[in-house]
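Quick notes on the structure that follows.
In my numbering, the protein residues as written are -17 to 175.
This is the structure:
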């Protein structure tokens, strides 16, 4: 009984505030785009790396080095970047990176272009982007933040994931678009982001 009440209260708070709706929109669109580009990366990796051993080594190496770079970026550059350029500029770093990466993937369609796109995402999402998104909650009163943040971080984020699955189902499965062509949708979504 308390869970539905909490859910309803969180939704009412979210929809009553333009600022909270803006945060939720950014989180939902970013989740949708990041999940789509992740699917593209895996699909293109499977096209170029046919053997399972080669795929396992490639993806293992990629995520290892991207994780190290993301950690270094977080520790050495994120705070400096935020102090120098502010939250507004920092909010554009990941979308612009994914816009350029998706355009490159669309233009070249190579594994290297997919690596560049996903590498930029992995390094920046967990450093600059995540830190900036958390800073968006600072002006919100503590009681409201507790009630709304969990909803945005779980329900809204997963809504973006689900919508990306729907996009893949419609365009890649039903309409048979190759992974590279999904970049058209990513470019459209990033423009809105």
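For every residue, glycine included, the Cβ atom is placed at its ideal position computed from N, Cα and C.
1. Between the Cα of residue -4 and those of 42, 126 and 90, spot the shortest distance and give me the residue it belongs to.
2. Is residue 119 helix, strand or coil when you go by DSSP?
3. Quick one: complete alpha helix (DSSP H) runs, 4+ long, within the segment 103 to 175?
4. Can you give the Cα-Cα distance for residue 31 and residue 23, rounded to whole angstroms?
5. Please list, in chain order, all residues of the same chain as residue 60 whose beta carbon is under 7 Å from its beta carbon, the five residues on each side excluded.
6. How big is the Cα-Cα spacing for residue 55 and residue 33?
7. Write down the C-beta distance between residue 142 and residue 13 rounded to the nearest angstrom, noting that I regard them as a contact closer than 8 Å.
8. Is the CB of residue 161 under 8 Å away from at least one CB in chain D?
9. Pairing CB atoms from the segment 5 to 20 with CB atoms from the segment 131 to 150, are three or more of them under 8 Å?
10. I need the DSSP call for residue -1, collapsed to helix, strand or coil.
11. For residue 100, does the three-state DSSP call read helix, strand or coil?
12. Who are the Cβ neighbours of residue 63 in its own chain at under 7 Å, not counting the five residues just before and after it?
13. Going straight from the alpha carbon of residue 104 to that of residue 0, what length do you get?
14. Classify residue 90: buried if its beta carbon has 16 or more other beta carbons within 10 angstroms, exposed otherwise.
15. Helix, strand or coil: which one does DSSP assign to residue 91?
16. Looking at C-alpha atoms only, which residue of 66, 87 and 100 is the closest neighbour of residue 41?
17. Using 10 angstroms around the beta-carbon of residue 175, count the other beta-carbons present and answer buried if the total reaches 16, otherwise exposed.
18. Hey, residue 80 and residue 102: beta-carbon distance below 8 Å or not?
Let me spell this out:
1. Position 14 of the chain shown, counting from 1, holds the residue named residue -4. The residue with the shortest Cα to Cα distance from residue -4 is 126.
2. Mapped onto the chain shown, residue 119 falls at position 137. Here residue 119 sits in coil by DSSP.
3. 112 to 117, 124 to 133, 139 to 149 and 165 to 174
4. The residue you call residue 31 lines up with position 49 of the chain shown. The residue you call residue 23 lines up with position 41 of the chain shown. Near 12 Å, if we compare the C-alpha coordinates of residue 23 and residue 31.
5. For the purposes of this step, residue 60 is identified with residue 78 of the chain shown, where counting begins at 1. Answer for residue 60: 109, 110 and 113, listed in chain order.
6. Here the question's residue 55 lines up with position 73 in the chain shown. Here the question's residue 33 lines up with position 51 in the chain shown. In a straight line, the C-alpha of residue 55 is about 33 Å away from that of residue 33.
7. In the chain shown, residue 142 corresponds to position 160, counting from 1. In the chain shown, residue 13 corresponds to position 31, counting from 1. Confirmed, about 3 Å.
8. Going by chain labels, chain D is absent from the structure shown, which holds only one protein chain.
9. yes
10. Taking the first residue of the chain shown as position 1, residue -1 is located at position 17. Residue -1 falls in the coil class under three-state DSSP.
11. Here residue 100 is taken as the residue at index 118 of the chain shown, counted from 1. Note: residue 100 maps to helix in three-state DSSP.
12. Walking along the chain shown from the start, residue 63 turns up at place 81. Correct list, in chain order: 72 and 110.
13. Start at 1 with the first residue of the chain shown, and residue 104 comes out as number 122. Start at 1 with the first residue of the chain shown, and residue 0 comes out as number 18. Cα to Cα, the separation comes out at about 29 Å.
14. Residue mapping note: residue 90 aligns to position 108 of the chain shown, counting from 1. With fewer than 16 other Cβ atoms within 10 Å, it is exposed.
15. Taking the chain shown and counting its residues from 1, one reaches residue 91 at position 109. Note: residue 91 maps to coil in three-state DSSP.
16. If you number the chain shown from 1, residue 41 lands on position 59. The shortest Cα separation from residue 41 among 66, 87 and 100 belongs to 100.
17. Your numbering for residue 175 matches position 193 in the chain shown. When all chains shown are included, residue 175 counts as buried.
18. To locate residue 80, count along the chain shown from 1; it is residue 98. To locate residue 102, count along the chain shown from 1; it is residue 120. Closer than 8 Å, so yes.
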